[in-house]
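Sequence order for the protein chains is P and C.
If you read the first sequence in full-length UniProt numbering, its first letter stands for residue 1, the second for the next number, and so on.
If you read the second sequence in full-length UniProt numbering, its first letter stands for residue 1, the second for the next number, and so on.
Using N, Cα and C, we set each Cβ at its ideal position, and we do this for glycine too.
Keep in mind that this is a model prediction, so the values were computed, not measured.
Working notes, beginning with the structure itself.
Protein chains: 2
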Amino acid sequence: MSDEKSPPRKRRGAGRVTLLAVARAAGVSAITVSRYFNQPESVSPERRERIAEVVAELGYVPNLVAGGLASARGRIVAMVIPNISGPIFADTIQGFSDTLTRHGYQLLLASSYFSSEQEESAVRAFLGWSPAALVLTSHFHSPATEKMLAEADIPLVETWDYRPERAPIQIGFSHHEVGVIATRHLHGKGYRKIAFVQNSAAGDFSALERRDGYIETLKELGGEPQVFAPETDLAPFEAGKQAMLALMASEQRPEAIIFANDNLAAGALLAGQRAGFRIPEDCAVMGFGDYPFAAMLMPGLTTVKPPALQMGVLAATRVLQKLGVIEGEADHLNLLECQVIGRESA
Amino acid sequence: MSDEKSPPRKRRGAGRVTLLAVARAAGVSAITVSRYFNQPESVSPERRERIAEVVAELGYVPNLVAGGLASARGRIVAMVIPNISGPIFADTIQGFSDTLTRHGYQLLLASSYFSSEQEESAVRAFLGWSPAALVLTSHFHSPATEKMLAEADIPLVETWDYRPERAPIQIGFSHHEVGVIATRHLHGKGYRKIAFVQNSAAGDFSALERRDGYIETLKELGGEPQVFAPETDLAPFEAGKQAMLALMASEQRPEAIIFANDNLAAGALLAGQRAGFRIPEDCAVMGFGDYPFAAMLMPGLTTVKPPALQMGVLAATRVLQKLGVIEGEADHLNLLECQVIGRESA
DNA sequence: TTGTAAGCGTTATCAC
DNA sequence: GTGATAACGCTTACAA
Chain P
1 MSDEKSPPRK
11 RRGAGRVTLL
21 AVARAAGVSA
31 ITVSRYFNQP
41 ESVSPERRER
51 IAEVVAELGY
61 VPNLVAGGLA
71 SARGRIVAMV
81 IPNISGPIFA
91 DTIQGFSDTL
101 TRHGYQLLLA
111 SSYFSSEQEE
121 SAVRAFLGWS
131 PAALVLTSHF
141 HSPATEKMLA
151 EADIPLVETW
161 DYRPERAPIQ
171 IGFSHHEVGV
181 IATRHLHGKG
191 YRKIAFVQNS
201 AAGDFSALER
211 RDGYIETLKE
221 LGGEPQVFAP
231 ETDLAPFEAG
241 KQAMLALMAS
251 EQRPEAIIFA
261 NDNLAAGALL
271 AGQRAGFRIP
281 EDCAVMGFGD
291 YPFAAMLMPG
301 LTTVKPPALQ
311 MGVLAATRVL
321 QKLGVIEGEA
331 DHLNLLECQV
341 IGRESA
Chain C
1 MSDEKSPPRK
11 RRGAGRVTLL
21 AVARAAGVSA
31 ITVSRYFNQP
41 ESVSPERRER
51 IAEVVAELGY
61 VPNLVAGGLA
71 SARGRIVAMV
81 IPNISGPIFA
91 DTIQGFSDTL
101 TRHGYQLLLA
111 SSYFSSEQEE
121 SAVRAFLGWS
131 PAALVLTSHF
141 HSPATEKMLA
151 EADIPLVETW
161 DYRPERAPIQ
171 IGFSHHEVGV
181 IATRHLHGKG
191 YRKIAFVQNS
201 AAGDFSALER
211 RDGYIETLKE
221 LGGEPQVFAP
231 ETDLAPFEAG
241 KQAMLALMAS
251 EQRPEAIIFA
261 NDNLAAGALL
271 AGQRAGFRIP
281 EDCAVMGFGD
291 YPFAAMLMPG
301 LTTVKPPALQ
311 MGVLAATRVL
321 QKLGVIEGEA
331 DHLNLLECQV
341 IGRESA
């Protein structure tokens, strides 16, 4: 900490301990120190030890920016996700980030809020950092984004979607299958008159796939599908209420209802109970998402849990495999499974 | 897309469109293009227009790594947060990320899981990217981390905490005040016998500050504090149950209970109702956190909402002010307020 | 307003 | 196993 003769003030990165400083102090050349960090086995044990000492002593922190420039491959992976704080994607980010970090890579993150313009601008900004790989959510990108991706020539992963025909690595699950297993679960519990409530958010196409899985399966099982569509763009919680009360008042009163997501189901659960219906005796309720509140409701909400965390971990794993950081072939197609979380509501 | 005479293969960043390429195509020097991006007003309108054309045509993406190295200040801000997917921090990250992005900065993110070793290794890795600023959660860092921070000489912000005596910019709220306003809220509603349930997680010191606020305020109001401590390290949901049943069976049966957090409160709400108690008639319940499920419970959980999103936005704002990106003096101390969210449970 | 030259701290290349 | 040297693509400093 003593104030040594201050070196001639450099114009910019003044004061930073550099690789060269370490090299000099250790009596080796810069490239040897570089090798010490990147391919330790190619440095003799004695020098290795000496360098380690100096590094600790000087508190040297490798400048990854310089390294990235020199090698054109920074240890950064960028991810664009619709949102961070919603109930859906947080686990995916967490799994992705943790897996990456464990292998010495850093996460650059931005939200798109489902807007392809915002996605585009995030991708543009990210590419400036020459990330080692890029992870996007879903397959719908603006033409400009597609162009940048094509030119970037780095591993690309698309999560929360599954388009076998697309070139990027796909990591997703089948929404259709969600409809299937939810319907089978209810049928297995003895329910026969099963309805489905669509999402109130226009443009939620995945929810329609879940609905189709339901319709198909129920028909196979000899039932008669009954689909309710709430008013468009009603808040999901309200839409669930509306659907519940309408269905319970209808002539074709169902014994069980599958909701397009847990928000709808929660609204239904509460409104149903307020209206005096017992759940699941008068009507069973199922959701989708396994949002954090599902376990807190009374009765607990039976729902289908998407493999959110798993997708994040797998996305990172595939990226690291592509980069050769970890062993294994990075499969192009990665279809994960959802799981019925049985609680009291169905 | 035609295969032009392939230029002599460069060793590394082969093929990337560079600033120089843009400059040549536009008939100006590299520095002018650089200025076009960084201080557009110092470039004449005609050249500006010409450069814009070329940039679009060539699909030039500025290499931020090179820029970062040259200027020793990348437009990256790093944040270490205990976790991403828990109920607490997601809003803070979201607010932080969005505010940053809006001003052209990118977010580098990692989780510490409340471990100072993990925080240390994240900080070490981040510093290698010479971020423009660093944001940490809480004030407790390992000595090595403190040393790195001291030497890094970049703006540092600590969120979710508030230690006026510390040098970094502090952004937090008063846990003590949470205890105060919760107690006042219940007192205002007419409850007199008010109990407090501590967190089951050992080491949650903030929760103890909330408790002290409660004790102090209740005494001021003429009440007699009654603190219940669940078994240590019981899952919060279970701990809430245990506390509820124990308190309702005790001689000093309370009219209202403040729980150290919403998880405890939710456990209590459900267990209480299962045991036949009406809430809030037999006993009112309050939590802390305003976790996503709070609104979904029946009755809705009255709770104290911390300014999570706001803290993220403010952290980013202070950082940007420090960096001179946006106007305004960056205050050292930033105490935000919590808010009682009144629902049915109290 | 514009340009020239030098350098940011590292790694690739090639030689020893 | 080790080193000298030249990039990597940009921005600072200074000059015109």
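Short Cβ contact (7 Å threshold) for C/I279 with C/G272: yes
For C/F37, the first and last residue of its enclosing alpha helix (DSSP H): A30 to N38
Cβ-based burial, C/H332 [other Cβ within 10 Å; buried from 16]: exposed
Coil, strand or helix - C/S206 by DSSP: helix
P/S121 (DSSP reduced to helix, strand or coil): helix
Short CB-CB distance (under 7 Å) between C/F37 and chain P: no
Beta-carbon proximity check, P/L109 vs C/L107, cutoff 7 Å: yes
Alpha-carbon spacing of C/L234 relative to P/F114, whole angstroms: 39 Å
Exposure label - residue 350 of chain P; buried when at least 16 CB within 10 Å: Only positions 1 to 346 of chain P appear in this structure, which leaves residue 350 of chain P out of reach.
Cβ contact (3+ pairs, closer than 8 Å) linking the region 308–324 of chain P and the region 249–257 of chain P: no
Listed by chain order, chain P residues near C/N83 by CB distance under 7 Å: Q94
Min CB distance C/A316 to chain P below 7 Å: no
Proximity to C/V80 [Cα-Cα], best of C/E119, C/S71, C/E46 and C/R16: C/E119
Close Cβ partners of P/S138 (< 7 Å) along its chain, the five nearest in sequence each way excluded: E158, W160 and D161
Buried or exposed by the 16-neighbour rule on C-beta atoms within 10 Å, applied to C/L20: exposed
Short-range partners of chain P found in the region 65–78 of chain C, where Cβ spacing is below 9 Å: V65, A66, G67, G68, L69, A70, S71, A72, R73, G74, R75, I76 and A78
Local Cβ density within 10 Å of P/Y126, reported as buried at 16 or more and exposed below that: In the sequence on display, residue 126 of chain P carries Phe and not Tyr. When all chains shown are included, P/F126 counts as buried.
Short CB-CB distance (under 7 Å) between C/L19 and chain P: no
Same chain, Cβ closer than 7 Å to C/P82, neighbours up to 5 away in sequence not counted: F89, S111, S112, Y113, F114 and T137
Pair within 7 Å by beta-carbon distance, C/P155 and C/V22: no
Per-residue DSSP class, three states only, for C/F173: strand
Chain P contact residues for C/R124, given Cβ-Cβ distances below 9 Å: V61
is_contact[P/T137, chain C] using C-beta, thresh 7 Å: no
Anticipated Cβ contact below 8 Å, P/A133 with P/K322, distance rounded: 7 Å
Continuous beta strand (DSSP E) stretch holding P/V227: start and end: Q226 to F228
P/G240 in three-state terms, based on DSSP: helix
CB of C/G67 within 7 Å of CB of P/L64, strictly: no
The region 289–302 of chain P / the region 256–270 of chain P touching (three or more Cβ pairs under 8 Å): yes
Contacts around C/S97, its chain only, beta-carbon distance under 6 Å, and the 5 residues preceding and following it disregarded: L107
P/H175 and P/R211 closer than 7 Å at C-beta: no
C/I31, buried or exposed, once every other Cβ within 10 Å from all chains shown has been counted against 16: exposed
For C/Q39 and P/T18, the rounded distance between their alpha carbons: 30 Å
Beta-carbon neighbours of C/D91, restricted to chain P and to distances below 9 Å: I84 and S85
Best match in C/S142, C/G86, C/G287 and C/L100 for proximity to P/D91 [C-alpha to C-alpha]: C/G86
P/R75 beta carbon less than 7 Å from that of P/Y105: yes
Coarse secondary structure for C/V55, derived from DSSP in three states: helix
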